[in-house]
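Protein chains in written order, with the working numbering: chain B, 3 to 323; chain Z, 3 to 323; chain V, 3 to 323; chain X, 3 to 323.
All residues carry an ideal CB built from backbone N, CA and C; glycine is no exception.
Just so you know, these numbers come straight off a predicted model, no measurement behind them.
Number of protein chains: 4
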Amino acid sequence: MLPSKSTAVISSNSMNPATTLDPGIGEKFSRRTKRAINHDGSFNVRRRGGPHRHDPYQWLIQMDWWPFIGVVVVFFGLLNTAFALAYLALGLDNLPGVTAPHNWWQDFLSALFFSIQTFTSVGYGHVYPGSNGTGFVSSLEALVGVLTFALATGLLYGRFSRPTARIHFSHRAIISRRADGLPCLQFRIANQRSNILIDLRARVLLKTVDPVTNNQQYNLLPLERDFISFFPLSWTVVHDITPDSPLHGLGPADYEAQSMEVIIQLKGYDDTFAQDVHARNSYTHDEIEWDRRFIRAYEVGDDGIAVVDLDQLHLTEPLEQ
Amino acid sequence: MLPSKSTAVISSNSMNPATTLDPGIGEKFSRRTKRAINHDGSFNVRRRGGPHRHDPYQWLIQMDWWPFIGVVVVFFGLLNTAFALAYLALGLDNLPGVTAPHNWWQDFLSALFFSIQTFTSVGYGHVYPGSNGTGFVSSLEALVGVLTFALATGLLYGRFSRPTARIHFSHRAIISRRADGLPCLQFRIANQRSNILIDLRARVLLKTVDPVTNNQQYNLLPLERDFISFFPLSWTVVHDITPDSPLHGLGPADYEAQSMEVIIQLKGYDDTFAQDVHARNSYTHDEIEWDRRFIRAYEVGDDGIAVVDLDQLHLTEPLEQ
Amino acid sequence: MLPSKSTAVISSNSMNPATTLDPGIGEKFSRRTKRAINHDGSFNVRRRGGPHRHDPYQWLIQMDWWPFIGVVVVFFGLLNTAFALAYLALGLDNLPGVTAPHNWWQDFLSALFFSIQTFTSVGYGHVYPGSNGTGFVSSLEALVGVLTFALATGLLYGRFSRPTARIHFSHRAIISRRADGLPCLQFRIANQRSNILIDLRARVLLKTVDPVTNNQQYNLLPLERDFISFFPLSWTVVHDITPDSPLHGLGPADYEAQSMEVIIQLKGYDDTFAQDVHARNSYTHDEIEWDRRFIRAYEVGDDGIAVVDLDQLHLTEPLEQ
Amino acid sequence: MLPSKSTAVISSNSMNPATTLDPGIGEKFSRRTKRAINHDGSFNVRRRGGPHRHDPYQWLIQMDWWPFIGVVVVFFGLLNTAFALAYLALGLDNLPGVTAPHNWWQDFLSALFFSIQTFTSVGYGHVYPGSNGTGFVSSLEALVGVLTFALATGLLYGRFSRPTARIHFSHRAIISRRADGLPCLQFRIANQRSNILIDLRARVLLKTVDPVTNNQQYNLLPLERDFISFFPLSWTVVHDITPDSPLHGLGPADYEAQSMEVIIQLKGYDDTFAQDVHARNSYTHDEIEWDRRFIRAYEVGDDGIAVVDLDQLHLTEPLEQ
């Protein structure tokens, strides 16, 4: 859970009231690294050595749909080919009902069709296991088949029920200016889905890299508002650049020199999944526009219903000087 | 999680101690909008443009049972019709066992029955694939069939296990008066289900619309009590209209002029689902009755068991002046 | 979530610093009620009127195993009997392969066996649908069958994966005495399962009934310790009866006159279910023993492993005066 | 949830501001116990007496994969053998289609193959139930079969979707020294999986055993930082040995005399499982090395991507004096 006070991300037991914050990404580096977080929320990190665990479940749950379907089809094909070859090795004479002319391709197809009929438990029975050998192999295949579809059931449910937030971020963060003249860092988000996010919280970190030592520093950027109760429309997240802000007094050249990256972490409760969902993103220094303001991205229709336009989420206009 | 102190919904990092609160529903509108939240908990918001994601899983999980059954039947019918047409195209001669007189409707039915027997993996076998073509198509259909039922399993489980609160709200909120004469806003809730909700929390926002600018403002209404440990009976939620309250000194005409809407958010732990459940509702200015009090909605039976009457939840009586 | 400070269960927005607490069980009653919470954690509450929702999923998830198996068998039997009667109505001549002598009982059995073979998708095929009528009905039954087993899969998973705590409570609460002479209320709990509960929290309420008005009052009883990090052995929960305690200065007769009931709510994270689990219980005034102390319920085996004895959890001895 | 302030694990209602903490593992023991927590996170505790609940679901969910597959195969074999014996008892004459020479082993195999074809709902039909007796038994077996695979589906999903953290701990904790000379206790962790842990929290307890009375005491060790936002690389957890620390002024001999054990509890949100995951470990006094420092375990590749080396997680070097 995100702490209700953003400052709580800094340990309460710190000896020195911490002004910097290492979010577990590391602090001292031999050279410049890429951005910490990519736009899809992944990290630019690799793992090496040790008892590294590849988790097939996680892999199958997280891959896109087309590769997943490919994996299913290939797995289904290979397993049935293997069983078909086993039936061929036992001899098709032991599968009464196979009547087609005997040549190797037709034999293989006959065995493959029988295998698939067994694996999926269709079992028409016009071909059936006529010996102990094919009886054993087909019994094993039937068990493997039902367990495989038990697995597939779990995987499909796992894929569908995995709670994911589809938060649409504005392409650029901007440096804008409040009515009282105070500059502020802003970006804008909207929900791509028609579901409702509740109790949405935002946390924003600033990553800076020392131009000389390459050491990385992480600072929490306090937000004008870090919590909203409901998230049906768009939300403009604002960090006021007060004299306390690590961004105070810096210009575009400083941002670039320090390889600044604004890291965003969102968390909310999704009514559909009935679970918390998370989203991440970051803006690097070249994804921050100066002296702009966002144009309102929603309007009210004739029927009194507010309409949010996801395409307009990115629209900004210059500040009048 | 709802913060344990209701004031925490206002960002702790606000530059100016916030008295208003934008719950992500928007603030500045070109014209009057409908109520923010409908009685079924939905928002009066539409989405447009952008990479809008229709999520079939969410759609199938959230629809009512009769439409869902309709979708299942139509999907089952269309898919089997398609496979039946494929078998027809390959020729019924390749499905040995089909013995009925050949006319197009009877042929189609024969192919359809074979298709369904394959799709559901019943596979009686009195009709069976007798060629490579029907062998391939029936193998594909068997795979599609078992994967479809794997999907259906996940969908049915997802529908049933989705934690939903069935909170019964009184039809009207009322403006009542405490024993010491202080006016207060009240509404009453009960649990429609026989399950037990634990650690139920309430949060109440007031939406007001500026009659001139149409700007919307959201204020948190502090509650006499915003948390109860157990929720077996009914709960009367009370906001005392102290001089600090945004409702202080206002009458029914003011409520209407400002298009006031009282927005309620409930959250509790459901013992059956073993998860948190949420409920939302709102009362618009014309759903608030003045100078009423609620009549007790529970009594004790002869067996010493308390009985809550959901029909009496709405009953109020005039305050004696 | 239980608040980290127990006092937080009393609303932070109370006008008067609350000393009493209505946990949603009701406050004013026309007559004496039974105990609030039974030993199995259920409440003595009924519901009446309104759009009362019976939720079959909750019912099937929460019932004991034997009744559940009974429901499954009866449902399976009735549905197959219905389909068998449909096949009989269509005429067994339309189910080629039925060869047994025709009498009504044998006919019914033949139709029933065919129905079950279709419902479970076994489909041997020695009997098969030989007309459009039986073709349609058997197609419908095959669809109903696979969807039924999809449902059963979800129900079985829901029953097994439902996180439940098996907390063993001492049969009696006791009034004991600290080393410094201060009296205290104690009860003892242990985990019946071999799983580990983490971050276990306890909250204890005292229900008192006014002997004259029958009004009920609920007070939070502060605990010497309301949180433990790990719960492998037993835990003695202690409320010190300081002058601030609502139990201060009261004797057994007062407990009975006020129908006192000590209500306990436990919450912890279960490592196996990977979810929070909850437990409830209560001790009524006649389940509280005076001037006792608990005997230690664990010892260290020869292998250096601590052993907790669930039978000794209840053992107490008199306080030496 | 771990409290945001570590001190909150000590009850806020304590009469005396607690300096020690009993984490439910027990306090007073007749003799020395083994370490409290093993490296696999299990506790050295046994249970005895009482209504001890063996939960088959938990057992099947938590066992390793090979034993689980063994249980499945044995269960499948025994159940089908039982049904095969039932068919034999009814007489193979009642299973038309069995054509093999009749000897007991071949008869048993024929019955077993028919049983498996029924259990898995393959039902080729070359053998089929030809009497009421075999009709009943095969109907029962088909029902048991589909329900068994419904169960297996739930178990497989439960095993895969159970959220587990694979945190790699350094083999040794070390006593190191800060730049300002203050000694500190350190250990290092990394994520074995390529998933991302968010909002990772650490809590560290110190167990000490009184050399004379064998009484155990648990103290919370405050951490330099007990929370990180993201956990892609490694994290060095640090307890500064200030004058307030229970470790202040102690040397290796004291650690051994008091059978010190440093107990670690980790909790974070796992993006893949979309749930919180927990990890536990402990270092006993002989697993703590003195006057060492950790060598950095990550570096930056040519492509600007940080690489963490799990093998180097354990590497330390002597402090220069």
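Sorted by chain position, which residues of the same chain lie with C-beta nearer than 8 Å to residue i's C-beta, five sequence neighbours on each side aside?
| i | result |
| --- | --- |
| Leu114 of chain V | Asn82, Thr83 and Ala86 |
| Ser8 of chain V | With a pLDDT of 28 at Ser8 of chain V, under the threshold of 50, the modelled position of this residue cannot be trusted, and the question is left open. |
| Ser112 of chain V | Leu94, Leu97, Val100, Ala102 and Val129 |
Starting from residue i and walking both ways along the beta strand (DSSP E), at which residues does that stretch end?
| i | result |
| --- | --- |
| Gly402 of chain B | The requested residue 402 of chain B does not occur in the structure, where chain B is confined to residues 3 to 323. |
| Arg179 of chain B | Ala175 to Arg179 |
| Pro320 of chain B | Thr318 to Pro320 |
| Pro185 of chain X | Pro185 to Asn193 |
| Asn46 of chain B | That residue, Asn46 of chain B, is in no beta strand (DSSP E); it is neither H nor E in DSSP. |
| Arg161 of chain B | That residue, Arg161 of chain B, is in no beta strand (DSSP E); its alpha helix (DSSP H) goes Asn134 to Ser163. |
| Thr238 of chain B | Ser236 to Asp242 |
| Glu291 of chain B | Ile290 to Trp292 |
| Val206 of chain X | Leu199 to Val211 |
| Thr286 of chain X | Gln277 to Thr286 |
| Val310 of chain V | Ala308 to Asp311 |
I need the straight-line Cα distance from residue i to residue j, nearest angstrom please.
| i | j | result |
| --- | --- | --- |
| Arg294 of chain B | Arg168 of chain B | 26 Å |
| Ile39 of chain V | Glu263 of chain V | 9 Å |
| Asp42 of chain X | Asp305 of chain V | 19 Å |
| Pro234 of chain Z | Phe233 of chain X | 42 Å |
| Asp242 of chain V | Gln188 of chain V | 9 Å |
| Thr286 of chain X | Val206 of chain X | 13 Å |
| Ala91 of chain B | Trp106 of chain B | 12 Å |
| Gln218 of chain Z | Thr35 of chain Z | 10 Å |
| Phe121 of chain V | Leu312 of chain B | 49 Å |
| Asp109 of chain B | Tyr89 of chain B | 10 Å |
| Arg48 of chain V | Pro254 of chain V | 31 Å |
| Pro248 of chain V | Thr215 of chain V | 19 Å |
| His104 of chain X | Thr136 of chain X | 18 Å |
| Lys209 of chain Z | Ile265 of chain Z | 7 Å |
| Val279 of chain V | Arg50 of chain X | 22 Å |
| Ala144 of chain Z | Ala281 of chain V | 46 Å |
State the start and end residues of the unbroken alpha helix (DSSP H) segment that holds residue i.
| i | result |
| --- | --- |
| Ile63 of chain V | Pro58 to Gln64 |
| Glu301 of chain X | Taken as a continuous stretch (DSSP letters only), Glu301 of chain X belongs to no alpha helix (DSSP H), being part of the beta strand (DSSP E) at Tyr300 to Val302. |
| Gln108 of chain V | Trp106 to Phe121 |
| Ile71 of chain V | Trp67 to Leu92 |
In chain order, what residues of the same chain have a beta carbon less than 7 Å from the beta carbon of residue i, not counting five sequence neighbours either side?
| i | result |
| --- | --- |
| Leu321 of chain Z | Ser178, Arg179, Asp293, Arg294 and Arg295 |
| Gln314 of chain B | Ile297 and Ala299 |
| Gln119 of chain V | Gly125 and Tyr126 |
Can you name, in chain order, every residue of its own chain whose Cβ lies under 6 Å from the Cβ of residue i, other than the five neighbours on each side?
| i | result |
| --- | --- |
| Leu202 of chain B | Ile230, Phe233 and Gly270 |
Within 8 Å of chain X by C-beta, residues of the stretch 300-311 of chain V in sequence order: Tyr300, Glu301, Val302, Gly303, Asp305, Gly306, Ile307, Ala308, Val309, Val310 and Asp311
The stretch 294-308 of chain B in contact with the stretch 181-200 of chain B per 3-pair CB rule at 8 Å: yes
Positions along the stretch 177-207 of chain B whose CB lies within less than 8 Å of some CB in chain X: Arg205 and Leu207
Interface positions of the stretch 33-63 of chain X facing chain Z (Cβ-Cβ less than 8 Å), listed along the chain: none
The stretch 175-189 of chain Z touching the stretch 276-294 of chain Z, judged by at least three CB pairs closer than 8 Å: yes
Members of the stretch 106-120 of chain X that neighbour chain Z once the beta carbon cut-off is set at 8 Å: none
Members of the stretch 123-135 of chain X that neighbour chain B once the beta carbon cut-off is set at 7 Å: Ser123, Val124, Gly125, Tyr126, Gly127 and His128
contact_flag[the stretch 195-204 of chain X, the stretch 240-255 of chain X] where n(CB pairs < 8 Å) is 3 or more: no
At least three beta-carbon pairs within less than 8 Å, the stretch 149-162 of chain V to the stretch 152-167 of chain Z: yes
The stretch 257-290 of chain B: positions lying closer than 9 Å to chain X by Cβ: Ile265, Gln267, Lys269, Phe275, Gln277, Asp278, Val279, His280 and Arg282
Residues of the stretch 159-175 of chain Z whose Cβ lies closer than 9 Å to any Cβ of chain V, in chain order: Tyr159, Gly160, Arg161, Phe162, Ser163, Arg168 and His170
Proximal residues, the stretch 66-94 of chain Z versus chain V, C-beta separation under 7 Å: Phe78
Short-range partners of chain V found in the stretch 229-244 of chain Z, where Cβ spacing is below 7 Å: Phe229, Ile230, Ser231, Phe232, Phe233, Pro234, Leu235, Trp237 and Asp242
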